[in-house]
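Undergrad: Can you keep this structure in mind? I'll have questions shortly.
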Amino acid sequence: MARTKVVVDPITRIEGHLRIEVQAENGMIADAWASSTQFRGIEIIMNGRDPRDAWAFTQRICGVCTVVHAIASCRAVEDALDITVPPNATIIRNLVHGMQTVQDHVIHFYHLHALDWVDVVSALSADPDEAGRIARSLSPWPNNSGTYFESVQDKLKKFVSSGQLGIFTNGYWGHPAYKLPPEVNLIAVAHYLEALDWQRDVIKLHTIFGGKNPHPNFLVGGMASAINLDDTGTINAERLSDIKALIDKARVFVEQVYWPDLLAIAGFYKDWAAIGGGVPNYLSVGEFPAAGSSFRDVEDLYFPRGIILDNNLEEVVPYDEARVREQVTHSWYEYQGAGEDGLHPYEGQTVPDYTGPQPPWTYIQDHDKYTWMKAPRYDGKPMEVGPLARMLVAYGAGHEGVREVVGEALGRLNVGPAALFSTLGRTAARGAETVLVARKLSEWYGDLVGRIKNGDVTTFNDEKWDPSTWPATARGYGYLEAARGALGHWVEVRSGEISRYQCVVPSTWNCSPRDAQGQRGPYEQSLVDNHPLADPERPIEILRTIHSFDPCMACGVHVLDASGELVTSVKVQG
Amino acid sequence: MFYPLNEPWERGVPLGEHLRRRGVSRRDFLAFCGEMGAMLGLSSLLTPRIAKALEQMQRPSVVWLSLQECTGCTESILRSSHPTIGDLVLDLISLDYQENLQAAAGSAAEAALHRAMEDHKGEYILVVTGSVPLAEDGIYTMIGGRTAREILEEGAAGAAAILAVGACAHFGSVQAAAPNPTRAVGVDQIIKDKPVVNIAGCPPIADTITATIVHYLTFGRLPAVDYDKRPLFAYGARIHDQCSRRANFDAGQFVKSFDDEAARKAWCLYEVGCKGPATFSPCPIFQWNGETSWPIGAGHPCLGCTERMFWDTMTPFYQRMPKVSGFGIESTADTIGAALAVGATAGVAAHAAVTGVKRLRERSEGTPQPGGQTPPAAGRKSQEEDGHGQD
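Protein sequences appear in the order of chains A and B. Per the numbering used here, the first sequence runs over residues 1 to 574. Per the numbering used here, the second sequence runs over residues 575 to 965.
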């Protein structure tokens, strides 16, 4: 049987612009291409700027990941200028970043991913009382009555009968790949709505410390939100109480709604534990430094740094930054004087060289180069990054919390750790991580209050704020585990200005195209790993696997050679 | 618009009836209309008119295009701040295309877009987030195999009104900062034959767009705007004039370094670079995330993100604004304040005077702005070389 070419563009319910093309054969995917279709060029814009401004520019790489680039940038600049951040500021950043992770993962599950598994229309035929019984068996969450689910179902009925379906228009409702009973669909729809309210509230922690969300403010050398228990305009007991309440609200929802929902839904889709694994290598740079330490202090990170190779959980390989390369064999860039194995980020070049077809496009898979993503490789190997990578590295390293929560999931689903290498594993790992970080928030809050109680209210180190204290040239880097995976910023400062800026970002790893050896990137490889596609007109299976990565395309493509000039040449090949 | 299931509004049922069925009292509804009116800067005498217009309305179609951007503006809308009545307001519309939230993908999503544009031709509201890259025939942002520019032009053709939401749709934002590698421009640099309102900010506060829609639906026209097409009800006041720390400015009480004793007393951030004196924004009035706080309230200087080209005109962010220095005492501050307010179009004058001074001194070349109005400032580098002449 001949292969069928399939295009899914736009991939919706993600951040940014992603095009997936596959070749389908006998109901399975035989080959796949991931194409990132937006380019902005933020790094070259960094040239000549004040390094203390860099966090604000790079923060705008992504408004969904809104704090991660800002913190990574502060870390890189602090690393370059040898600035030590006060312990309180480290804790506050952990709280802000931790809440971001928790909120982002919950939004991903309910608002970006759930509709791949949950048939909204099927919820119309649910028995609300039965839904209540099921929900009560899963969790002590207060909104678990039959009456409550009946009210949600009534709203849904009216909505569907209105004929104005809004964002639910043309969904793949009734597709045979949907397996949930109507009652579970109804529970999920109810929680989709509740999560909308919840995410809006818990993120106020960002507003208290950073003034707004999205894009709260940060500061090289610490945080700008001063602590003074005896002033109305600072972090005081009233603001701390707000923070405590938000943290509790976050944790309770994760433990009583998100995590039980995830495990319940996963139970109906266990076949997806054998689908969509893909690249067998996983990288985590580690995250959440302890107060008084930095991201460089590997021993003090809550989630460890390391690599899992060939799905081998018995060994965590140490990460060596020097082995990272980026290739452009199949990307719309040109390298000069680089070997086939690509260039290290410190020597990175980015010369856009669009060779794709003249718009409008038909198939991008027919072209040798097909994306704005570069192809990062570690020791020549593609790597998956993200919650699954973090959980696998931590699991392999014997991390107690991860072993407990991941173990709970595996036990409930009655599967072994190998089930983690899959579409379902990716989604489950994100939930497990959310549980752990939500619990960690309370701990950090306790640390902060304890330090204030002992008289430490310092949030900023001003020793190296003045550019006259900086060396003539300096360079440094900052690592961070963003919601979507390993992030690195590299900065070089000359005479008080940025002379080079480079980011290697989670979605660049995951959405990588093929490399010189023809190895597919993680999205692509996952789509050819035992992967079904029943109906090319309704590609719900593709959405499941791609969404399990939580794509963030604006993050992935931003890269430019900040030391050089942008030389653009376009070669159009019909 | 993100609560479509939360109390569905049946086709053909007027909003007033819908609200009554939902159990919203007439009194609560009028209170909301009053609040909304106040936000729009309208007399309370107009409250019944707002109420009448809203009650009779049926859900209009909204098409939301996400172009070259970071999605922060969509995230901002998700944080819309009046939870009990705000979701009703958002429920006033039928959100027929929104890539971040819609169930369908690929050709099914595109079909939804085209159906909405055909069924509601000439009537739908077009919301645009993101800029349009013009370099290399637009290949720097492709959606469904088409350029951002083509998609915008198609969407604008049948729209009744266009809301350019966020700094990218306003002027290109960070990707348009010098040297603007992809030649990113805002919506009003492409669409010249339709009314465009700029909901400025990186991102804007959610309530500003909500209130703009309400204004349009109530009065059948877009709200009055300033020289840069920003609604006056939100962008008509300077941050500096509404700032909770203004008294400290007037009294000469300045933070000299972050976390110093002055910072711990929440004094004025002017000397650590605050751009409040040059920025027109609703931040101090509306505040953020359910009135939780705002940037200056949380101790960080204003970055000036509601101003065109702020990435170039307002940087370095931590540098004290020029020519406004040394007037820490009240009388001098008054003098400066008066100087800024000179001119019939105070907003333009203040922009030109404040934002422009430093850059004009450095670069001295003023550049024409879209619409031919007075430029508020020159770019950091001559970004406009790239951004213009392409329309």
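No residue lacks a Cβ here, since even glycine has one placed at the ideal position from N, Cα and C. Since we're looking at a predicted model, the values are computed, not measured.
Grouping DSSP H, G and I as helix and E and B as strand, with all else coil, what is B/G917?
TA: Taking the first residue of the second sequence as position 1, residue 917 of chain B is located at position 343. Low confidence applies here, because B/G917 scores a pLDDT of 29, under 50, leaving its location unreliable; read the following figure in that light. Reduced to three states, the DSSP call for B/G917 is coil.
Undergrad: Hey, out of A/A397, A/G276 and A/N311, whose CA is closest to A/P532's CA?
TA: Walking along the first sequence from the start, residue 532 of chain A turns up at place 532. Closest option to A/P532, Cα to Cα, is A/G276.
Undergrad: Starting from B/P707, follow its DSSP beta bridges and name the residues at the other end.
TA: Here residue 707 of chain B corresponds to residue number 133 of the second sequence, with the count starting at 1. B/P707 is bridged to B/A758.
Undergrad: Compile a chain-ordered list of the residues in the region 51-68 of chain A whose CB is closer than 7 angstroms to at least one CB of chain B.
TA: So the list reads R52, D53, A56, F57, R60, I61, C62, G63, V64 and T66, given in the order they occur along the chain.
Undergrad: Would DSSP call A/D31 helix, strand or coil?
TA: Within the first sequence, the letter at position 31 stands for residue 31 of chain A. Reduced to three states, the DSSP call for A/D31 is strand.
Undergrad: Would you say A/Y302 lies against chain B (beta-carbon separation less than 8 angstroms)?
TA: Counted from its first residue, the first sequence places residue 302 of chain A at position 302. For A/Y302, the answer is no, since every Cβ of chain B falls outside 8 angstroms of its Cβ.
Undergrad: Taking contact to mean at least 3 C-beta pairs separated by less than 8 angstroms, is the region 456-473 of chain A in contact with the region 316-336 of chain A?
TA: These segments do not touch.
Undergrad: Determine, using beta carbons only, whether A/M149 comes closer than 8 angstroms to chain B.
TA: For the purposes of this step, residue 149 of chain A is taken as the residue at position 149 of the first sequence. At residue 149 of chain A the sequence reads Phe, which differs from the Met that was named. So no, A/F149 is outside the interface.
Undergrad: Is the Cβ-Cβ distance between A/V102 and A/L240 less than 8 angstroms?
TA: In the first sequence, counting from the first residue as 1, residue 102 of chain A sits at position 102. In the first sequence, counting from the first residue as 1, residue 240 of chain A sits at position 240. Not a contact, by the Cβ cut-off of 8 angstroms.
Undergrad: Once the 5 residues before and after A/Q365 are set aside, which same chain residues still bring their CB inside 6 angstroms of it?
TA: Here residue 365 of chain A refers to the residue found at position 365 when the first sequence is read from its first residue. Closer than 6 angstroms at Cβ, skipping near neighbours: E21 and W33.
Undergrad: Give me the chain A residues within the contact set of B/Y892, using Cβ-Cβ distance strictly less than 8 angstroms, ordered along the chain.
TA: As a first step, residue 892 of chain B must be located in the second sequence, where it is residue number 318. Per Cβ cutoff of 8 angstroms: D50, R52 and D53.
Undergrad: Please confirm whether B/P851 has its beta-carbon closer than 8 angstroms to some beta-carbon of chain A.
TA: As a position in the second sequence, residue 851 of chain B is number 277, starting the count at 1. B/P851 does not count as touching chain A.
Undergrad: Name the DSSP bridge partner or partners of A/R251?
TA: Looking up residue 251 of chain A in the first sequence gives position 251. Answer is none; A/R251 lacks a bridge partner.
Undergrad: So A/D104 packs on A/G174, CB below 8 angstroms; how close in whole Å?
TA: Residue numbering aside, residue 104 of chain A sits at position 104 when the first sequence is read from its first letter. Residue numbering aside, residue 174 of chain A sits at position 174 when the first sequence is read from its first letter. Not really, about 30 angstroms apart at Cβ, beyond 8 angstroms.
Undergrad: Between B/A625, B/V636 and B/L675, which lies nearest to B/A551 when the distance is taken from Cα to Cα?
TA: It is not possible to answer for residue 551 of chain B, since the shown part of chain B is limited to 575 through 965.
Undergrad: Leaving out five residues before and five after B/I870 in sequence, what residues of the same chain have Cβ atoms less than 8 angstroms from its Cβ?
TA: As a position in the second sequence, residue 870 of chain B is number 296, starting the count at 1. Only I813, C817, S818, R819, L843, C848, G850, C857, P858 and C876 meet the Cβ criterion.
Undergrad: How many whole angstroms separate the CB atoms of B/G760 and B/G746, which I take to be in contact at a CB cut-off of 8 angstroms?
TA: The residue given as residue 760 of chain B occupies position 186 in the second sequence. The residue given as residue 746 of chain B occupies position 172 in the second sequence. Between B/G746 and B/G760 the Cβ distance is about 6 angstroms, and since that is below 8 angstroms, they are a contact.
Undergrad: I need the DSSP call for B/Q943, collapsed to helix, strand or coil.
TA: Mapped onto the second sequence, residue 943 of chain B falls at position 369. Bear in mind that a pLDDT of 36 at B/Q943, under 50, signals an unreliable position, so the number given afterwards is only what the model happens to contain. Reduced to three states, the DSSP call for B/Q943 is coil.
Undergrad: Starting from A/Q23, trace the beta strand (DSSP E) both ways and give me its first and last residue.
TA: What you label residue 23 of chain A is simply residue 23 of the first sequence in a count that begins at 1. Run containing A/Q23: L18 to E25, per the beta strand (DSSP E) assignment.
Undergrad: Go to A/K158, then tell me how far its alpha helix (DSSP H) extends in each direction, as first and last residue.
TA: Position 158 of the first sequence, counting from 1, holds the residue named residue 158 of chain A. From DSSP, the alpha helix (DSSP H) with A/K158 extends over G146 to S162.
Undergrad: Give me the Cα-Cα distance between A/K158 and B/L641, rounded to the nearest whole angstrom.
TA: Here residue 158 of chain A refers to the residue found at position 158 when the first sequence is read from its first residue. Here residue 641 of chain B refers to the residue found at position 67 when the second sequence is read from its first residue. Between A/K158 and B/L641, the C-alpha separation is close to 33 angstroms.
Undergrad: From A/L441 to A/Q38, what does the alpha carbon distance come to, in whole angstroms?
TA: The count along the first sequence starts at 1 and reaches residue 441 of chain A at position 441. The count along the first sequence starts at 1 and reaches residue 38 of chain A at position 38. Going from the Cα of A/L441 to the Cα of A/Q38 covers about 35 angstroms.
Undergrad: Going by DSSP in three states, B/C848 sits in which element: helix, strand or coil?
TA: In the second sequence, residue 848 of chain B corresponds to position 274, counting from 1. Looking at B/C848 - three-state DSSP - the assignment turns out to be coil, as it is neither helix nor strand.
Undergrad: Apply the 10 Å Cβ neighbour rule to A/Q517 and answer buried if 16 or more other Cβ atoms are within range, or exposed otherwise.
TA: If you number the first sequence from 1, residue 517 of chain A lands on position 517. It is exposed - the Cβ of A/Q517 has fewer than 16 other Cβ atoms within 10 Å.
Undergrad: If I measure Cβ to Cβ from A/P467 and keep anything under 7 angstroms in the same chain, skipping five residues before and after, which residues do I get?
TA: If you number the first sequence from 1, residue 467 of chain A lands on position 467. Hits under 7 angstroms: G496.
Undergrad: Could you give the C-beta distance for B/A825 and A/D231, rounded to a whole number, given that I count them as a contact under 8 angstroms?
TA: Against the second sequence, residue 825 of chain B aligns to sequence position 251. Against the first sequence, residue 231 of chain A aligns to sequence position 231. Actually they do not touch by this definition, with Cβ atoms about 16 angstroms apart.
Undergrad: Cα separation between B/D886 and B/M895?
TA: Working through the second sequence from its first residue, we reach residue 886 of chain B at position 312. Working through the second sequence from its first residue, we reach residue 895 of chain B at position 321. Going by the C-alpha atoms only, they are around 13 angstroms apart.
Undergrad: Distance check for A/L420 and A/G27, CA to CA, integer angstroms please.
TA: As a first step, residue 27 of chain A is located in the first sequence; it is residue number 27 there, counting from the start. As a first step, residue 420 of chain A is located in the first sequence; it is residue number 420 there, counting from the start. Between A/G27 and A/L420, the C-alpha separation is close to 24 angstroms.
Undergrad: Return no unless some Cβ of chain A is closer than 8 angstroms to the Cβ of B/S650.
TA: One-based indexing of the second sequence puts residue 650 of chain B at position 76. True, the Cβ-Cβ gap to chain A drops below 8 angstroms.
Undergrad: Output the distance between the C-alpha atoms of A/V285 and A/R305, rounded to the nearest integer angstrom.
TA: Residue mapping note: residue 285 of chain A aligns to position 285 of the first sequence, counting from 1. Residue mapping note: residue 305 of chain A aligns to position 305 of the first sequence, counting from 1. Those two C-alpha atoms are separated by around 4 angstroms.
Undergrad: Any contact between the region 432-439 of chain A and the region 385-395 of chain A? By contact I mean 3 or more CB pairs, one from each, below 8 angstroms.
TA: Yes: at least three Cβ pairs fall under 8 angstroms.
Undergrad: So is A/G455 buried or exposed if we call it buried at 16+ other beta carbons inside 10 Å?
TA: Taking the first residue of the first sequence as 1, we reach residue 455 of chain A at position 455. The residue in question, A/G455, is exposed, as its Cβ has fewer than 16 Cβ neighbours within 10 Å.
Undergrad: For B/V928, count neighbouring Cβ atoms within 10 angstroms of its own Cβ and tell me buried if that reaches 16, exposed if not.
TA: Translated into the one-based positions of the second sequence, residue 928 of chain B becomes position 354. In this predicted model, B/V928 has a pLDDT of only 39, less than 50, meaning its place in the structure is not dependable; the value taken from the coordinates is given anyway. B/V928 comes out buried.
Undergrad: Pull the bridge partners of A/S284 from the DSSP assignment, please.
TA: One-based indexing of the first sequence puts residue 284 of chain A at position 284. A/G306, per the DSSP bridge assignment.
Undergrad: First and last residue of the beta strand (DSSP E) that includes A/A474?
TA: In the first sequence, counting from the first residue as 1, residue 474 of chain A sits at position 474. Taken as a continuous stretch (DSSP letters only), the beta strand (DSSP E) holding A/A474 covers T473 to A482.
Undergrad: From B/C647 to B/V770, what distance separates their C-alpha atoms?
TA: The residue given as residue 647 of chain B occupies position 73 in the second sequence. The residue given as residue 770 of chain B occupies position 196 in the second sequence. Roughly 17 angstroms separates the two Cα atoms.
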